[in-house]
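For the sequence shown, our numbering assigns the number 405 to the initial residue and increments by one for each residue that follows.
Written below as structure tokens is the structure these notes are about.
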Amino acid sequence: MKYYIGIDLGGTNIKAGVVNENFEIIAKASTKTLCPRPAKEICDDMAKVSVEACKQAGISVDDIEWIGVGTPGIADNVNGTIPYSNNLDFHDVPVRKYIQEHINKPVYVANDANAAAYGEFVAGAAKGAKNAVCITLGTGVGAGIIVDGKILTGSNLAGAELGHMVIEVDGPQCTCGRKGCFEVFSSATGLIRMTKEAAEADKSSVLNKYFETDGKFSARHAFMAMREGDKAGTEVVNKYCNYLAAGITNAINIFQPDILCIGGGVCNEGDPLLLPVKDIVKKEVYTRMLSQNTEIVIAKLGNDAGIIGAAFLGLES
405 MKYYIGIDLG GTNIKAGVVN ENFEIIAKAS TKTLCPRPAK EICDDMAKVS
455 VEACKQAGIS VDDIEWIGVG TPGIADNVNG TIPYSNNLDF HDVPVRKYIQ
505 EHINKPVYVA NDANAAAYGE FVAGAAKGAK NAVCITLGTG VGAGIIVDGK
555 ILTGSNLAGA ELGHMVIEVD GPQCTCGRKG CFEVFSSATG LIRMTKEAAE
605 ADKSSVLNKY FETDGKFSAR HAFMAMREGD KAGTEVVNKY CNYLAAGITN
655 AINIFQPDIL CIGGGVCNEG DPLLLPVKDI VKKEVYTRML SQNTEIVIAK
705 LGNDAGIIGA AFLGLES
């Protein structure tokens with residue numbers, strides 16, 4: 405049996421998992437990222453949690469094939485560096501060099517959304533596809549694109565930023581500096597914003613009851629209200645599905661993947677989200693006249709996608 409280590413490096417936590425050749429995570433370890441602090445200290449901790457994950461799995465670091473790291477920001481796998489990460493305040497960090505000071509194994513790096521997409525490609529909802537697009541609906545909209553089995557990074561290593569294509573000119577402000585981005589509308593943050601706006605516009609909506617109970621709005625509230633037959637909640641869900649379908653249609657028209665999978669907590673809504681989105685895309689996609697089109701599915705690996713994808717970056721390389 406072969407073993408690999410996948411690291412999901414985030415702004416809050418560093419999570420490492422030992423993954424076997426059957427794409428199964430057999431042990432995990434984690435520690436706080438504790439940003440901001442020196443990049444080398446964070447890399448040292450990545451090595452430490454890797455060793456701890458191996459101990460939990462009952463193996464030695466000598467038993468692993470390589471280490472893969474998924475990181476927010478831009479990742480340069482050729483040089484094993486992170487040229488830039490705003491979340492971590494990283495600038496030209498030699499991740500491979502720092503980790504190899506502790507563990508003498510090959511080290512691969514990728515953007516975290518790309519790593520998660522690769523996880524779905526090798527072991528999840530996009531397994532068996534040749535070309536795939538994976539979109540994660542979270543605080544923002546992350547995306548990874550697989551073309552002929554390889555992660556698409558672009559010449560500047562910052563490709564696949566589907567969340568920052570504009571779908572409404574002069575729409576709400578996005579954190580990237582543009583207005584009306586896909587992310588502004590289709591992220592969980594965007595859904596919460598639209599829910600809050602609808603509740604403020606209609607004081608009789610049950611959305612306000614949820615706010616009083618929970619003390620804040622969540623991405624679940626509009627769908628809960630829709631299920632109760634609430635007009636405002638239903639309008640928010642319809643609006644959200646329309647925006648999500650617009651971004652997905654754009655992605656399909658550009659890349660024509662075999663499979664497009666969507667993940668993130670919003671996708672826990674299941675068919676009330678997926679079915680209307682698929683109906684809209686089916687009517688609007690450029691290749692609608694063809695008998696075979698992109699299959700739209702819900703991601704399968706959840707929070708493990710980043711670890712599994714990072715663990716198998718050596719295959720992609």
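C-beta atoms are modelled at their ideal positions from N, C-alpha and C, and glycine is treated no differently.
Taking the beta carbon of residue i as the centre, do at least 16 other beta carbons fall within 10 Å, making it buried, or is it exposed?
| i | result |
| --- | --- |
| Pro661 | buried |
| Arg500 | buried |
| Ala547 | buried |
| Ser698 | One detail in the question is off: residue 698 reads as Thr in this sequence, not Ser. When all chains shown are included, Thr698 counts as buried. |
| Glu720 | buried |
| Leu492 | buried |
| Val689 | buried |
| Ile722 | Past the edges of the chain, shown from 405 to 721, lies residue 722, and the structure says nothing about it. |
| Leu717 | buried |
| Glu601 | exposed |
| Ser559 | exposed |
| Asp683 | exposed |
| Ser454 | buried |
| Val573 | exposed |
| Gly667 | buried |
| Ala605 | exposed |
| Thr617 | exposed |
Relative to the C-alpha of residue i, which candidate in the options has its C-alpha closest?
| i | options | result |
| --- | --- | --- |
| Thr638 | Ala603, Ile652, Ala533 and Asn657 | Ala603 |
| Glu469 | Met450, Pro510 and Ser489 | Pro510 |
| Val701 | Cys671, Ile711 and Asp574 | Cys671 |
| Ser608 | His625, Lys635, Leu679 and Cys585 | Lys635 |
| Thr579 | Ile663, Gly544, Leu595 and Leu556 | Gly544 |
| Lys452 | Ser590, Asp675, Ala517 and Ser434 | Ser434 |
| Lys436 | Ala457, Leu413 and Met405 | Leu413 |
| Ala431 | Glu456, Gly713 and Asp448 | Glu456 |
| Ala714 | Ala527, Gln460 and Ala514 | Ala514 |
| Gln504 | Ala461, Leu541, Asp552 and Asp448 | Asp448 |
| Glu673 | Ile429, Leu541 and Glu428 | Leu541 |
| Cys585 | Arg597, Gly567, Met598 and Thr599 | Gly567 |
| Gly523 | Gly553, Phe627 and Ile507 | Gly553 |
| Ala626 | Gly528, Pro676 and Glu445 | Pro676 |
Within its chain, find whatever has a CB closer than 7 Å to the CB of residue i; leave out the 5 residues flanking it on each side and keep chain order.
| i | result |
| --- | --- |
| His495 | Tyr488 |
| Gly581 | none |
| Glu632 | Val610 |
| Gly415 | Thr437, Cys439, Pro476, Asn491 and Leu492 |
By the three-class DSSP mapping on this structure, what secondary structure does residue i have?
| i | result |
| --- | --- |
| Gln577 | strand |
| Thr416 | coil |
| Asp606 | coil |
| Ser590 | helix |
| Lys724 | Residue 724 is absent from the structure shown; the chain starts at 405 and stops at 721. |
| Glu699 | strand |
| Pro498 | coil |
| Ile463 | coil |
| Asp708 | helix |
| Ile446 | helix |
| Lys613 | helix |
| Asn424 | strand |
| Gly532 | coil |
| Glu632 | coil |
| Ile430 | strand |
| Thr451 | Note that residue 451 is Ala in the sequence shown, not Thr. Note: Ala451 maps to helix in three-state DSSP. |
| Asn518 | helix |
| Val690 | What sits at residue 690 in the sequence shown is Tyr, not Val. Correct three-state label for Tyr690: coil. |
| Cys665 | strand |
| Asp618 | helix |
| Pro724 | Here the chain covers residues 405 to 721 and nothing more, so residue 724 does not appear. |
For residue i, which residues in the same chain have their Cβ closer than 6 Å to its Cβ, ignoring the five residues on either side in sequence?
| i | result |
| --- | --- |
| Cys536 | The residue you asked about is not Cys; residue 536 is Ala in the sequence shown. Taken in chain order, the residues that qualify are Phe525, Ala530, Ile550, Pro661 and Ile663. |
| Tyr647 | Phe589 and Ser590 |
| Asp516 | Gly474, Thr475, Pro476 and Gly710 |
| Pro576 | Val588 |
| Tyr644 | Leu595 |
| Gly593 | One detail in the question is off: residue 593 reads as Thr in this sequence, not Gly. Cβ within range, chain order: Thr543. |
| Asn518 | Gly548 and Ile555 |
| Ala650 | Ile571 |
| Ile539 | Ala547 and Ile666 |
| His506 | Ala451 |
| Lys704 | Gly528 and Ala529 |
CB-CB under 8 Å to residue i, same chain, minus the five flanking residues each way: which ones, in chain order?
| i | result |
| --- | --- |
| Ser464 | Cys458 |
| Phe659 | Asn535, Val537, Ile549 and Val551 |
Against chain D, does residue i count as a neighbour if the rule is that its beta carbon must be under 8 Å from one of theirs?
| i | result |
| --- | --- |
| Gly415 | In the structure shown, chain D cannot be found, because there is only a single protein chain. |
Three or more C-beta pairs closer than 8 Å, one from the segment 421–432 and one from the segment 473–487: is that the case here? no
Are the segment 426–443 and the segment 469–478 touching, with three or more C-beta to C-beta distances below 8 Å? no
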